[in-house]
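In this note's numbering, the protein residues as written are 480 to 628.
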Ligand SMILES: CC(C)(COP(=O)(O)OP(=O)(O)OC[C@H]1O[C@@H](n2cnc3c(N)ncnc32)[C@H](O)[C@@H]1OP(=O)(O)O)[C@@H](O)C(=O)NCCC(=O)NCCS
């Protein structure tokens, strides 16, 4: 795989990040939501850069010893090359280093790619939330990864 550079997401990354989000989700995050992540001291939005361009991004936050994966996407033309796995592993390593004990996330029930990805990275299904998502209306599958201390 071409070398990946992980960097904290910056204001100037937003046009590229928004482009990936728009191509990746039926209801993508707005620019305002990404800006909140850039400014929140609890959040850690990162980008994966490959050959200078942004290949994907992952936003997470950490409150005390519990974290959440909030948003993750990879450029459609760069998928199935391990970029999302690399973003998750980098994020998990950082969270663990900060004393995190559990990482939570929600994913659309129909999102087989993401469900397979998270399972491959060690997340376990904990349940579902009925009609959690809109545009289109859909259940969420909830997942968790607990770090062994
Ligand atoms: C889900 C997503 C982030 C995966 O990104 P990616 O860089 O292609 O994922 P990776 O290459 O790291 O895949 C790692 C593993 O995840 C699983 N996986 C990824 N995409 C898959 C797919 N389309 N179908 C089945 N399994 C898939 C596989 O186990 C894969 O390992 P393998 O390629 O050796 O079989 C990407 O498809 C995406 O951006 N989708 C739209 C946005 C989205 O759904 N984000 C998640 C919201 S919760």
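All C-beta atoms in this analysis are idealised placements derived from N, C-alpha and C, irrespective of residue type, glycine included.
At a cut-off of 7 Å, the beta-carbon of residue 562 counts as near ligand 1: some heavy atom of the ligand is closer than that. Sequence-distant partners of residue 570 (beyond 5 residues in either direction) whose C-beta falls short of 6 Å from its own C-beta, in its chain, are 537 and 539.
When C-beta atoms of the stretch 523 to 537 are compared with those of the stretch 482 to 495, three or more pairs fall below 8 Å, so the two segments count as touching.
Going by beta carbons, residue 516 and residue 509 fall outside the 8 Å limit.
Leaving aside the five residues that flank residue 573 on each side, the residues in its chain whose CB is nearer than 8 Å to its CB run, in chain order, 523. Taking a contact to require three or more Cβ pairs closer than 8 Å, the stretch 586 to 602 and the stretch 555 to 569 qualify as touching.
Taking a cut-off of 8 Å on C-beta distances, the stretch 556 to 565 does not touch the stretch 574 to 589, as fewer than three cross pairs fall below it. Distance from the Cα of residue 563 is smallest, within the candidate group 576, 600 and 543, for 600.
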